[in-house]
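Novice: 15 is the number of the first residue of the sequence shown in my numbering; add one for each residue after it.
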Amino acid sequence: MQSHKSNPAVPLVLLGLGVIWGSAFIFMKVLVDEISPAQIVAARLALGALVVVGVTAFRGRLGVLTPGIIVPGALLVVVDNVIPNTLVAWSETRIDSGMASVLMSSMPLFTTIFAMILLREGASGIRVAGLVIGFCGVMIVSDGDVLSLQSNNGIGMLAVVAASSSHAAGAIYTKKLLARFDALGLTAMKLTTGAAITAPFVLITRGAGAYTAMSFEAVVCLLLLGVLATGVAYAVYIWVVGAAGVVQASMVTYIVPVAGLLLAWAILGEPMGVSTIAGGAVIVAGVATVMFGPLVRIPGLPLRAPTAEQQEASA
Numbered sequence: 015m016q017s018h019k020s021n022p023a024v025p026l027v028l029l030g031l032g033v034i035w036g037s038a039f040i041f042m043k044v045l046v047d048e049i050s051p052a053q054i055v056a057a058r059l060a061l062g063a064l065v066v067v068g069v070t071a072f073r074g075r076l077g078v079l080t081p082g083i084i085v086p087g088a089l090l091v092v093v094d095n096v097i098p099n100t101l102v103a104w105s106e107t108r109i110d111s112g113m114a115s116v117l118m119s120s121m122p123l124f125t126t127i128f129a130m131i132l133l134r135e136g137a138s139g140i141r142v143a144g145l146v147i148g149f150c151g152v153m154i155v156s157d158g159d160v161l162s163l164q165s166n167n168g169i170g171m172l173a174v175v176a177a178s179s180s181h182a183a184g185a186i187y188t189k190k191l192l193a194r195f196d197a198l199g200l201t202a203m204k205l206t207t208g209a210a211i212t213a214p215f216v217l218i219t220r221g222a223g224a225y226t227a228m229s230f231e232a233v234v235c236l237l238l239l240g241v242l243a244t245g246v247a248y249a250v251y252i253w254v255v256g257a258a259g260v261v262q263a264s265m266v267t268y269i270v271p272v273a274g275l276l277l278a279w280a281i282l283g284e285p286m287g288v289s290t291i292a293g294g295a296v297i298v299a300g301v302a303t304v305m306f307g308p309l310v311r312i313p314g315l316p317l318r319a320p321t322a323e324q325q326e327a328s329a
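In structure tokens form, the structure reads like this:
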């Protein structure tokens, strides 16, 4: 098994990625006041595609963009980008961006559930406990409103949770596709096809003219969301996975909600309620339990054979 000894730059890069992806929620909060969620997603994917395709060309790997990757890339982008990004952008017309970033951190919980069902991964007691803890955190963040369809807040929160589960399904599908396709090529193709799929929705919402009517602040946010938080961040994340392995790269999961909450408070003046902070901490604890609980050796209990990813985490 290949050992991923951490590159000294990886922790700093992960911190930067967490801040960038956490700031994406702020960018969307600004943008929903000026353009529709569909227009946000379409422009985000198009700008991100330009960056990733450019990186692919720079590395001389355009040859990986074969016809056979088009359909899988299109299916992946719908599940992993179009649906969840649209839901999150729409949710921010109803809830704070900081709360959206915290609720989105529940994604690894859904990934674990889907992995246990679809990939038949083991459902140990520790992992189940982690899932319960994590979803208790979601309830704490939402004060129970996530179960209510009678309030704008509740619907907005439920939209983020649905987006989180869609991202999780995308992660499972990505894992299967990476056995057949190059990671950078798959990312380039999914963003490109995503831009093509969402382009018609620009015309049927507020029209392409809405982009020209945007304020300078919104234009900057859109560029940062598409170029930095989508294109550059995806390309860098692929590098981190290659340099440190998927388990260490997943540590960004813990940084994003903290960064999103703090940035929303500092830049947008959004309140940091006790329930949001406490619930976020409980979600993170649940995610950590799910991801690393099976690695903990409890005296007196038989040691389960770790999975390949868990072996990588301890390498």
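Quick reminder that beta carbons are idealized off the backbone N, C-alpha and C, glycines included.
1. Tell me whether residue 229 sits in a helix, a strand or coil according to DSSP, three-state version.
2. When the Cα of residue 55 is compared with those of 89, 196, 205 and 78, which residue comes out closest?
3. For residue 58, count neighbouring C-beta atoms within 10 Å of its own C-beta (all shown protein chains included) and say buried if the count is 16 or more, exposed if not.
4. DSSP three-state call for residue 74: helix, strand or coil?
5. Which of the three DSSP states is assigned to residue 245 in this structure?
6. At 4 residues or longer, and completely inside the segment 39–123: list those alpha helix (DSSP H) runs for me, N to C.
7. Suppose you measure from the CA of residue 279 to the CA of residue 131; what does that come to, to the nearest Å?
8. Candidates 290, 275 and 217: which alpha carbon is nearest residue 283's?
9. Here's the rule: buried if 16 or more other CB atoms are within 10 angstroms of the residue's CB, otherwise exposed. What is residue 47?
10. Using the three-state DSSP reduction, which class does residue 271 fall into: helix, strand or coil?
11. Any idea if residue 218 is buried or exposed, counting beta-carbon neighbours within 10 angstroms, 16 or more meaning buried?
12. Can you give the beta carbon distance from residue 61 to residue 237, rounded, assuming they're within the 8 Å contact cut?
13. Please report the straight-line C-alpha distance between residue 115 and residue 25, rounded to a whole angstrom.
14. Specify the secondary structure class of residue 138 as computed by DSSP and reduced to three states.
15. Is residue 192 helix, strand or coil by DSSP?
16. Please classify residue 354: does DSSP put it in a helix, a strand, or coil?
17. So residue 259 is in the alpha helix (DSSP H); what residue range does that whole segment cover?
18. Count the other CB atoms, across all protein chains shown, that sit within 10 Å of the CB of residue 226; report buried if there are 16 or more and exposed otherwise.
19. Following the continuous alpha helix (DSSP H) through residue 300, name the residue where it begins and the one where it ends.
20. With DSSP run on the structure shown, which of helix, strand or coil describes residue 25?
21. Buried or exposed: where does residue 230 fall if 16 or more other Cβ atoms within 10 Å of its Cβ makes it buried?
22. In whole angstroms, give me the CA-to-CA distance for residue 41 and residue 233.
23. So, helix, strand or coil for residue 184, using DSSP?
24. Express the C-alpha separation of residue 253 and residue 38 in angstroms, rounding to a whole number.
25. Cα separation between residue 21 and residue 70?
26. Using the Cα positions of residue 239 and residue 94, report the straight-line distance between them to the nearest angstrom.
27. Within 10 Å of its beta-carbon, does residue 149 have 16 or more other beta-carbons around it, so buried, or fewer, so exposed?
28. Rounded to whole angstroms, what is the Cα-Cα separation between residue 92 and residue 139?
29. So, are the CB atoms of residue 185 and residue 125 less than 8 Å apart?
30. So for residue 222, helix, strand or coil by DSSP?
Specialist: Per the coordinate set shown:
1. Translated into positions along the sequence shown, residue 229 becomes position 215. Looking at residue 229 - three-state DSSP - the assignment turns out to be coil, as it is neither helix nor strand.
2. Working through the sequence shown from its first residue, we reach residue 55 at position 41. Nearest of 89, 196, 205 and 78 to residue 55, Cα basis: 205.
3. Counting from one through the sequence shown, the residue named residue 58 turns up at place 44. So residue 58 counts as buried.
4. As a first step, residue 74 must be located in the sequence shown, where it is residue number 60. If DSSP states are grouped into helix, strand and coil, residue 74 belongs with coil.
5. The residue given as residue 245 occupies position 231 in the sequence shown. It is helical.
6. 51–72, 84–91, 97–105 and 111–118
7. Residue 279 sits at position 265 when you count from the first residue of the sequence shown. Residue 131 sits at position 117 when you count from the first residue of the sequence shown. Rounded to the nearest angstrom, the two C-alpha atoms are 38 Å apart.
8. Here residue 283 is taken as the residue at index 269 of the sequence shown, counted from 1. Residue 283 has its Cα closest to that of 275, out of 290, 275 and 217.
9. Counted from its first residue, the sequence shown places residue 47 at position 33. By the neighbour-count rule (16 or more Cβ atoms within 10 Å), residue 47 is not buried but exposed.
10. Numbered from its first residue, the sequence shown carries residue 271 at position 257. The answer is helix: DSSP assigns residue 271 an H, G or I state.
11. Translated into positions along the sequence shown, residue 218 becomes position 204. Exposed: under 16 other Cβ atoms inside 10 Å.
12. Numbered from 1 along the sequence shown, position 47 holds the residue referred to as residue 61. Numbered from 1 along the sequence shown, position 223 holds the residue referred to as residue 237. So it is a contact: roughly 7 Å between Cβ atoms.
13. The residue you call residue 115 lines up with position 101 of the sequence shown. The residue you call residue 25 lines up with position 11 of the sequence shown. Approximately 21 Å between the Cα atoms of the pair.
14. Taking the sequence shown and counting its residues from 1, the one referred to as residue 138 is at position 124. If DSSP states are grouped into helix, strand and coil, residue 138 belongs with coil.
15. Walking along the sequence shown from the start, residue 192 turns up at place 178. In this structure, residue 192 counts as coil in the three-state DSSP scheme.
16. Because the chain spans 15 through 329 in this model, residue 354 falls outside it and cannot be assessed.
17. As a first step, residue 259 is located in the sequence shown; it is residue number 245 there, counting from the start. It is not in any alpha helix (DSSP H) - residue 259 carries neither H nor E in the DSSP assignment.
18. Stepping through the sequence shown from its first residue, residue 226 is reached at position 212. Classification of residue 226: exposed, given that the 10 Å Cβ count is below 16.
19. What you label residue 300 is simply residue 286 of the sequence shown in a count that begins at 1. Here the alpha helix (DSSP H) through residue 300 covers 288–306.
20. Taking the sequence shown and counting its residues from 1, one reaches residue 25 at position 11. If DSSP states are grouped into helix, strand and coil, residue 25 belongs with the helices.
21. The count along the sequence shown starts at 1 and reaches residue 230 at position 216. With fewer than 16 Cβ atoms within 10 Å of its Cβ, residue 230 is classed as exposed.
22. As a first step, residue 41 must be located in the sequence shown, where it is residue number 27. As a first step, residue 233 must be located in the sequence shown, where it is residue number 219. Going by the C-alpha atoms only, they are around 10 Å apart.
23. By 1-based counting over the sequence shown, the position of residue 184 is 170. If DSSP states are grouped into helix, strand and coil, residue 184 belongs with the helices.
24. To locate residue 38, count along the sequence shown from 1; it is residue 24. To locate residue 253, count along the sequence shown from 1; it is residue 239. So the two alpha carbons sit approximately 20 Å from each other.
25. By one-based count along the sequence shown, residue 21 stands at place 7. By one-based count along the sequence shown, residue 70 stands at place 56. For residue 21 and residue 70, the distance between alpha carbons rounds to 23 Å.
26. Position 225 of the sequence shown, counted from the first residue, corresponds to residue 239. Position 80 of the sequence shown, counted from the first residue, corresponds to residue 94. Roughly 16 Å between the two C-alpha positions.
27. Here the question's residue 149 lines up with position 135 in the sequence shown. Per the 10 Å Cβ criterion, buried.
28. Walking along the sequence shown from the start, residue 92 turns up at place 78. Walking along the sequence shown from the start, residue 139 turns up at place 125. Cα-Cα distance, rounded: 33 Å.
29. On the sequence shown, residue 185 is found 171 positions in, with the first residue counted as 1. On the sequence shown, residue 125 is found 111 positions in, with the first residue counted as 1. Cβ distance < 8 Å, so residue 185 and residue 125 count as in contact.
30. Counting from 1 along the sequence shown, the entry for residue 222 is found at position 208. If DSSP states are grouped into helix, strand and coil, residue 222 belongs with coil.
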